[in-house]
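K.L.:
To start, I am sharing the structure in question, which I have written as structure tokens.
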Amino acid sequence: MKILDVEKYWVDRSVGYEKEFNKHNFFLKRYFKLQEDILIDLLKKEIDFNSVLEVGCGFGRITKLVTENFPTVERISVIDISPAQIENAKRYVNSGKVKFLCGKIQDLNIHSENYDLVLASEVLMHINFTEIDTVIKQLVRISKKHIINLDWYRQTSGVESGGYCFVHDYEGIYKKYGCKVEVVDIPRQPIYNLSFGFDSGLSMSKTYPETQRIWHATNI
325 MKILDVEKYW VDRSVGYEKE FNKHNFFLKR YFKLQEDILI DLLKKEIDFN
375 SVLEVGCGFG RITKLVTENF PTVERISVID ISPAQIENAK RYVNSGKVKF
425 LCGKIQDLNI HSENYDLVLA SEVLMHINFT EIDTVIKQLV RISKKHIINL
475 DWYRQTSGVE SGGYCFVHDY EGIYKKYGCK VEVVDIPRQP IYNLSFGFDS
525 GLSMSKTYPE TQRIWHATNI
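Be aware that the sequence shown starts at 325, since it is given in our numbering, and climbs by one per residue.
See the structure below:
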């Protein structure tokens, strides 16, 4: 299998990504709202945290939710590979509490701070097979307690699903590094796709995995 230049793909795509995201159709926007509600509910009910690092913050969609729903959290840092996305996130989040960093997730080994919660939404699925083990190892090292990652998912791991997306065995890798893992499935929703018509499942195109899932890894 060829090694895709994922970094170049996302740096190039990030310039217009916020506008691209906001053009999603009604059904897909409704699905992302469900995703956000389930994520925030999980954070409120199961996780006690006073510091958070979000890796791959994009234009700040999840970062803004964290600042709005957890105003007492003292320390919030976010990192993204794209300078354009960091600037978009600064504008969109508009919070003096957030520390914005531009860099690669793969370089987190130079990051010496620790956080109660490490959060990644639709990010780790863009990490190549050759790097995912090392990246998760670093997330476990940086996390004092909790790691949450939310990704598109299908049953078969170890495959490239297209669109610079990869299906990883997150549960197996987390357990390899001593974590306890809980899994929350986001219910499948009907999505109308302009290319493929009405899809009674979840896939937005033939390149996307079937559903979304949240992995909650506890560093024990």
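We put the CB at the ideal spot given by N, CA and C, even for glycine.
These figures come from a predicted structure and were not determined experimentally.
In the DSSP assignment, find the unbroken beta strand (DSSP E) run with residue 421 in it and report its ends.
P.N.:
Stepping through the sequence shown from its first residue, residue 421 is reached at position 97. Where residue 421 is concerned, there is no enclosing beta strand (DSSP E), given that its DSSP letter is neither H nor E.
K.L.:
Rounded to a whole number of angstroms, what is the C-alpha to C-alpha distance between residue 540 and residue 424?
P.N.:
Here residue 540 refers to the residue found at position 216 when the sequence shown is read from its first residue. Here residue 424 refers to the residue found at position 100 when the sequence shown is read from its first residue. Cα to Cα, residue 540 sits roughly 24 Å from residue 424.
K.L.:
Could you check where the alpha helix (DSSP H) with residue 391 kicks off and where it finishes?
P.N.:
What you label residue 391 is simply residue 67 of the sequence shown in a count that begins at 1. Taken as a continuous stretch (DSSP letters only), the alpha helix (DSSP H) holding residue 391 covers 385-393.
K.L.:
Rounded to the nearest angstrom, what separates residue 367 and residue 332 at their Cα positions?
P.N.:
Residue 367 sits at position 43 when you count from the first residue of the sequence shown. Residue 332 sits at position 8 when you count from the first residue of the sequence shown. Cα to Cα, residue 367 sits roughly 32 Å from residue 332.
K.L.:
Quick check on residue 537: does DSSP put it in helix, strand or coil?
P.N.:
For the purposes of this step, residue 537 is identified with residue 213 of the sequence shown, where counting begins at 1. In this structure, residue 537 counts as strand in the three-state DSSP scheme.
K.L.:
What are the boundary residues of the beta strand (DSSP E) that includes residue 439?
P.N.:
In the sequence shown, residue 439 corresponds to position 115, counting from 1. Segment 439-445, the beta strand (DSSP E) holding residue 439.
K.L.:
If you reduce the DSSP assignment to three classes, tell me which class residue 544 lands in.
P.N.:
Walking along the sequence shown from the start, residue 544 turns up at place 220. Of the three classes helix, strand and coil, the one that applies to residue 544 here is coil, per DSSP.
K.L.:
Grab the span of the beta strand (DSSP E) containing residue 472 for me, first residue to last.
P.N.:
As a working mapping, residue 472 is identified with position 148 in the sequence shown. Here the beta strand (DSSP E) through residue 472 covers 467-477.
K.L.:
With a threshold of 16 other CB atoms inside 10 Å of the CB of residue 454, please say whether the residue is buried or exposed.
P.N.:
Position 130 of the sequence shown, counted from the first residue, corresponds to residue 454. The residue in question, residue 454, is exposed, as its Cβ has fewer than 16 Cβ neighbours within 10 Å.
K.L.:
Mapping DSSP to helix, strand and coil, what is residue 512?
P.N.:
Along the sequence shown, one-based indexing puts residue 512 at 188. Residue 512: coil per DSSP, three-state reduction.
K.L.:
Counting Cβ pairs closer than 8 Å, one from the stretch 393-405 and one from the stretch 372-380, do we hit at least three?
P.N.:
Counting Cβ pairs under 8 Å, three or more are found: they touch.
K.L.:
Can you give the beta carbon distance from residue 445 to residue 474, rounded, assuming they're within the 8 Å contact cut?
P.N.:
Looking up residue 445 in the sequence shown gives position 121. Looking up residue 474 in the sequence shown gives position 150. Their Cβ separation, rounded to whole angstroms, is 5 Å, which keeps residue 445 and residue 474 in contact under 8 Å.
K.L.:
So the alpha helix (DSSP H) residue 495 belongs to, where does it begin and stop?
P.N.:
Mapped onto the sequence shown, residue 495 falls at position 171. Unbroken alpha helix (DSSP H) run through residue 495: 494-500.
K.L.:
Go ahead and pull the three-state DSSP assignment for residue 403.
P.N.:
The residue you call residue 403 lines up with position 79 of the sequence shown. Note: residue 403 maps to strand in three-state DSSP.
K.L.:
Taking Cβ to Cβ, would you say residue 422 is nearer than 8 Å to residue 379?
P.N.:
Here residue 422 corresponds to residue number 98 of the sequence shown, with the count starting at 1. Here residue 379 corresponds to residue number 55 of the sequence shown, with the count starting at 1. Cβ distance not < 8 Å, so residue 422 and residue 379 don't count as in contact.
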